[in-house]
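Throughout the sequence shown, residue numbering follows numbering that gives the first Met the number 0, covering 0 to 129 in sequence.
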Amino acid sequence: MFKNWDWDKIGIGASLACAIHCALLPLFFSTLPLFGINVLHNFQFEFGMILLSFGIGAYSLYHGYKKHHHSFKPIILFSIGIALMFSRMIFREAELILLFPAAFFIIIAHINNHNSCRMHNHAHADDCDH
């Protein structure tokens, strides 16, 4: 069932949703602490979202690398983006400075992987199992 899903499109969508979430959530939910609800800067939620994004992205990029293009470029771009996302959680004072480049690198990695997969369709290499 999951085999036919386009994981790059899911990864791009998840990255865009994360960027929109991070940009708009403070605007919409800035009054929730008045009611005792804390959704902004919730470490567990943010960490979980980054792990979910990492899982989807890692699977997508691994599949593209292994079955199609054998290029490390999308993996490097994605790694930079994820590292910036984790850095954003550590360095809260630079949160907005790190957020947009992080989302940019993750989205560009998925777009690059998607385009490389379409361009190469299937690359036979030493690690090809058929």
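Every residue gets a Cβ at the ideal spot worked out from N, C-alpha and C, and that includes glycine.
task: If I'm right that Phe77 touches Leu60 with Cβ under 8 Å, what's the distance once you round it to whole angstroms?
output: In the sequence shown, residue 77 corresponds to position 78, counting from 1. In the sequence shown, residue 60 corresponds to position 61, counting from 1. Yes, they are in contact, since the Cβ atoms of Phe77 and Leu60 sit about 6 Å apart, within 8 Å.
- prompt: Using the rule of at least 16 other Cβ atoms within 10 Å of the residue's Cβ for burial, across every protein chain shown, is Asp7 buried or exposed?
  reply: As a first step, residue 7 must be located in the sequence shown, where it is residue number 8. Classified as buried, Asp7 has 16 or more neighbouring CB atoms from the shown chains inside 10 Å of its CB.
- request: Let me know the secondary structure DSSP gives Asn114 once reduced to three states.
  value: Numbered from 1 along the sequence shown, position 115 holds the residue referred to as residue 114. Three-state result, Asn114: helix.
query: Buried or exposed: which applies to Asn41, given that a residue is buried once 16 or more other Cβ atoms fall within 10 Å of its Cβ?
result: As a first step, residue 41 is located in the sequence shown; it is residue number 42 there, counting from the start. Counting of Cβ neighbours within 10 angstroms places Asn41 among the exposed residues, the total staying below 16.
Same chain, Cβ closer than 8 Å to Phe53, neighbours up to 5 away in sequence not counted: Your numbering for residue 53 matches position 54 in the sequence shown. Excluding positions up to five away in sequence, the list reads Ile81.
message: Given this structure, state the Cα-to-Cα distance separating Phe46 from Arg117, to the nearest angstrom.
response: As a working mapping, residue 46 is identified with position 47 in the sequence shown. As a working mapping, residue 117 is identified with position 118 in the sequence shown. Distance from the CA of Phe46 to the CA of Arg117, rounded to the nearest whole angstrom, comes to 32 Å.
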